[in-house]
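Report on one structure; see the data block that follows.
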Amino acid sequence: MKLKMTAVSPTTRPKLTLSNPELERKVMECLSPLVLTEDQQQKVREVFLDEMRLGLAANPERTSSLLMENTFIPELPDGTENGEYLALDLGGTHFRVIYVRMKNGRFSEEVVDYFHVPSEKRLGPGQDLFEFLADCIAEFVQKRNLGGRNFQLGFTFSFPMTQKSLDVGILVSWTKSFNCPGVVGEDAVKMLNDAIHKRKDLDITVKAILNDTTGTLVMGAYMDKRCALAMILGTGCNGCYIEKVERIEKWLGKHLESEMIVDIEWGAFGDNGVLDFIKTDWDRAVDDQSLLVHSYTFEKYFAGKYLGDLYREILLTLTKKGLMCGGKIGNLHTHGAITTTSVSRIESDTFKGLLEETKMVLNDVKLNHDDDDLHIAQYVAGIISYRGITLVSLITGILLERMQRNHCTVAIDGSLFKHHPRFRPLMEKLISEFAPGRSFDLRLAHDGSGKGAALAAAIAERLEQKRSLTNSN
Ligand code: GLC
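Every number in my numbering is 464 more than the matching position in the sequence shown, counting from 1.
Next up, the structure:
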């Protein structure tokens with residue numbers, strides 16, 4: 465019997481309807497650990513709140529998996545930004561160098577160049593990585609005829625850092641696809657400065673180092689003053705928000721400012737085991753095969769670097785159990801054989817009531833399929849995406865409740881948010897459910913990590929001027 469295909473809304477819970485009811489029951493049962501129950505959702509909420517409390521505490525009774533790190537950015541763009549800035553953006557396989565000119569708080573000119581970061585630089589000695597970055601900056605400055613003047617620079621370094629000031633960022637651990645020896649525990653700004661000064665042809669002052677979420681919040685505030693929360697939903701996943709300093713016990717007495725952007729580093733949520741109650745064998749398999757095992761638990765549940773792999777692992781189980789594709793596993797054993805982009809493509813088929821993309825993805829990994837197999841393939845893409853979106857929406861709801869703003873614009877950047885068709889609509893729906901009555905909107909802050917860094921350099925300059933005025937009075 466041929467099943468009728470109908471378009472499905474991205475906000476509906478994935479449903480499985482097969483021509484074979486017995487097969488349907490078995491598949492649903494096998495995949496049930498991926499469907500978060502109300503109780504589990506409630507527990508995720510409680511655990512996150514507790515980890516936040518511990519992360520902000522002066523003397524926590526145990527270590528939180530949330531870094532809740534000081535970004536040293538107490539202010540947002542105020543429209544007085546003027547001049548030329550450089551920005552760097554490092555976090556993925558492409559490094560970006562950006563030049564911007566600002567006129568009365570608006571970007572009046574911008575130039576961007578991309579440089580591929582080869583794996584030997586992402587995994588080799590740290591010094592080589594920073595020298596490579598300096599080479600790219602020099603190439604950019606030369607090519608764009610920007611030599612002969614001093615540049616103030618903002619450096620987006622999208623990894624967990626402990627900041628000692630706006631221009632000191634000690635790397636806590638590598639994440640995603642980087643693992644260069646000799647950088648953990650070191651100041652990334654110092655390493656960059658050393659590489660820049662070694663060249664002798666660059667005149668650059670690094671004013672600010674920041675996380676990509678921070679850049680996105682700053683960029684979000686440039687677009688809409690009501691922005692107080694930002695996140696990256698891309699290769700990795702993380703968020704930051706504006707916190708009242710009086711609520712950050714661990715900084716009491718250390719800051720005169722009333723508010724500060726706090727980098728949560730929620731990708732690491734659960735690294736201390738607090739989220740194990742939702743962990744499945746497939747999550748364990750994804751972690752085991754990742755570059756940095758036993759770290760970034762939350763991120764590995766759904767971020768772009770891992771969602772395709774999670775999908776592949778689940779299909780591998782289903783085929784091995786004989787529940788799919790006649791029990792043949794095709795290329796499913798190959799790590800990386802299915803990407804997150806493929807999961808997005810399958811999801812868009814679901815929402816259009818089509819099977820074409822789904823067929824192509826299965827063909828690519830050499831799986832023979834009938835209609836039931838295609839429906840299972842779509843169901844799996846749906847439930848893992850639904851789980852990820854539920855998790856990130858739960859956290860967003862908590863932060864909106866915590867900040868109690870009349871309205872909060874949430875700035876978001878990253879490939880998952882941009883290209884996965886379920887993310888935005890379902891997040892809008894679930895956040896409204898999890899934080900009822902809270903007014904918010906989700907706003908794509910395109911290139912937050914790049915332009916946000918340039919804005920951060922401008923803010924750093926302003927803070928410096930204020931400080932020297934106060935000191936001279
Ligand atoms: C990883 C990094 C984090 C970053 C996120 C998004 O989780 O540790 O710092 O913000 O990826 O790029």
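Built from N, CA and C at the ideal position, the CB exists for glycine as well.
All values derive from a computational prediction rather than experimental measurement.
Any heavy atom of ligand 1 closer than 7 Å to the Cβ of residue i?
i, result
"F623", "yes"
"C644", "no"
"G852", "no"
"Y563", "no"
"I673", "no"
"T535", "no"
"N702", "yes"
"I696", "yes"
"D676", "yes"
"Y760", "yes"
"K743", "no"
"G731", "yes"
"T639", "yes"
"G555", "yes"
"E515", "no"
"T620", "no"
"T860", "no"
"T458", "Past the edges of the chain, shown from 465 to 937, lies residue 458, and the structure says nothing about it."
"E603", "no"
"E573", "no"
"E510", "no"
"E763", "yes"
"T699", "yes"
Taking the continuous alpha helix (DSSP H) assigned at residue i, which residues delimit it?
i, result
"C704", "Segment 701 to 708 is the beta strand (DSSP E) holding C704; no alpha helix (DSSP H) there."
"K784", "771 to 784"
"A694", "Note, A694: premise wrong, no alpha helix (DSSP H); beta strand (DSSP E) at 691 to 697."
"I923", "912 to 936"
"D828", "820 to 828"
"S896", "887 to 898"
"T475", "That residue, T475, is in no alpha helix (DSSP H); it is neither H nor E in DSSP."
"P485", "485 to 495"
"G679", "676 to 687"
"Y760", "That residue, Y760, is in no alpha helix (DSSP H); it is neither H nor E in DSSP."
"E584", "583 to 587"
"C600", "590 to 607"
"E713", "Looking at the DSSP string, E713 is not in any alpha helix (DSSP H), and its letter there is neither H nor E."
"S857", "835 to 867"
Output the distance between the C-alpha atoms of residue i and residue j, rounded to the nearest integer angstrom.
i, j, result
"S806", "T527", "37 Å"
"Q616", "E548", "8 Å"
"F623", "R489", "42 Å"
"V825", "K769", "17 Å"
"V576", "V561", "6 Å"
"L487", "G901", "42 Å"
"F762", "D836", "31 Å"
"E721", "I742", "39 Å"
"N546", "W746", "50 Å"
"V682", "E539", "9 Å"
"R907", "T873", "7 Å"
"L838", "H797", "19 Å"
"D727", "K714", "14 Å"
"L498", "I810", "18 Å"
"L894", "S879", "20 Å"
"S903", "H871", "5 Å"
"V472", "E820", "15 Å"
"L864", "L782", "39 Å"
"D942", "I853", "The shown model of the chain, from 465 to 937, leaves out residue 942, and the question about it has no answer."
"M724", "I537", "6 Å"
"M516", "T620", "24 Å"
"V648", "K567", "38 Å"
"L774", "T934", "54 Å"
"Q753", "I847", "22 Å"
"S849", "K930", "46 Å"
"N736", "L513", "15 Å"
Pull up the DSSP beta-bridge partners for residue i, would you.
i, result
"L617", "L550, V670"
"G633", "Q627"
"R565", "E548, E573"
"C644", "Paired residues: none, contrary to the question."
"N534", "V726"
"R748", "R748 is not bridged to any residue."
"Y578", "R560"
"D651", "I634"
Identify the continuous beta strand (DSSP E) that holds residue i and give its terminal residues.
i, result
"A875", "872 to 877"
"L906", "904 to 908"
Does the beta-carbon of residue i, which I'm using as the reference point, lie nearer than 7 Å to any heavy atom of ligand 3?
i, result
"T804", "Absence of ligand 3 from the depicted structure is noted, with ligand 1 being the only ligands included."
Worksheet item: Is there contact here, the region 914 to 922 with the region 655 to 667, by at least three beta-carbon pairs under 8 Å?
Response: Segment contact: the region 914 to 922 against the region 655 to 667, fewer than three CB-CB distances shorter than 8 Å; contact not assigned.
Worksheet item: At a cut of 8 Å, does the region 683 to 701 reach the region 601 to 611 through at least three beta carbon pairs?
Response: Touching, no, given that fewer than three Cβ pairs across the two stretches are closer than 8 Å.
Worksheet item: Are the region 583 to 603 and the region 633 to 643 in contact at 8 Å, needing three or more beta carbon pairs?
Response: Enough Cβ pairs lie closer than 8 Å, so yes.
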